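Everything in the sequence shown is counted per UniProt numbering, starting at 1 for the first residue and increasing by one.
The block underneath contains the structure these notes are about, expressed in structure tokens.
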Amino acid sequence: MNEKAKNYWLDYWNEKGEVAPTNVTAWQFGVDADYLAKLVVDGIKTATCSGHIFYELEKEPLPKVGDYSIILNGVNEPEAIIRLTEVTVTPMNQVTEQFAYDEGEGDRSYAYWWKEHEAFFTKDLKAYGLPFQEDMLVVCERFELIAK
1 MNEKAKNYWL
11 DYWNEKGEVA
21 PTNVTAWQFG
31 VDADYLAKLV
41 VDGIKTATCS
51 GHIFYELEKE
61 PLPKVGDYSI
71 ILNGVNEPEA
81 IIRLTEVTVT
91 PMNQVTEQFA
101 YDEGEGDRSY
111 AYWWKEHEAF
121 FTKDLKAYGL
131 PFQEDMLVVC
141 ERFELIAK
């Protein structure tokens, strides 16, 4: 976590008069970090997903309900703090229209969600020499905005 994100995190908890939890990470969303961070700040984006295989390949633990994240913009500055409220692992072709809508991107349609996620995962999987599969497992996360 960079210094700005760390200070943002600590300042938030100091203002609340509470000890900062340790279950926090700082990261950027997908392809357009500024656009996606703004959707979070505006309360439009309340969900996100990632490929399960990438957690395995990168030996990273899966996110858990109650985890916090500092959402960074395109220049790694903090824009918001979110807390996970739900984490499920499901085949991509079984993600619901409601989940796609809650991701808040584009026209919020399932067709838009599918097209963008298929392209994103295809590109990222290619770096590992792996093909995209419609039933690949995705980690679906719902979150609440707690600070902006």
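The beta-carbon is built from N, C-alpha and C at its ideal position, and this holds for glycine as well.
Here the structure is a predicted model, which means the values were calculated and not measured.
query, result
"Selection from PHE121, ALA33 and GLU141 that minimises the alpha carbon distance to LEU62", "GLU141"
"Of the residues THR96, ILE53 and ILE71, the one placed nearest ASP124, counting alpha carbons only", "ILE53"
"DSSP state of PHE99 mapped onto helix, strand, coil", "helix"
"The segment 73–92 touching the segment 28–47, judged by at least three CB pairs closer than 8 Å", "yes"
"Pairwise C-alpha distance: THR48 and GLU103", "6 Å"
"Close Cβ partners of ALA5 (< 6 Å) along its chain, the five nearest in sequence each way excluded", "ALA26, ILE70 and PRO78"
"Backbone secondary structure at LEU62 - three-state DSSP", "coil"
"Straight-line Cα distance separating TYR101 from ILE146", "21 Å"
"VAL138 (DSSP reduced to helix, strand or coil)", "strand"
"Beta carbon of residue 150 nearer than 8 Å to that of VAL40", "Residue 150 lies beyond the stretch modelled for the chain, which goes from 1 to 148, so this question has no answer here."
"Option nearest GLN94 by Cα separation, candidates ASP67, ASP42, GLN133 and GLU56", "GLN133"
"Status (buried if at least 16 other CB within 10 Å, exposed otherwise) for GLY43", "exposed"
"Exposure of THR46, with buried meaning 16 or more beta-carbon neighbours within 10 Å", "buried"
"Coarse secondary structure for ILE44, derived from DSSP in three states", "coil"
"Nearest-angstrom Cα separation, counted from VAL89 out to TYR55", "12 Å"
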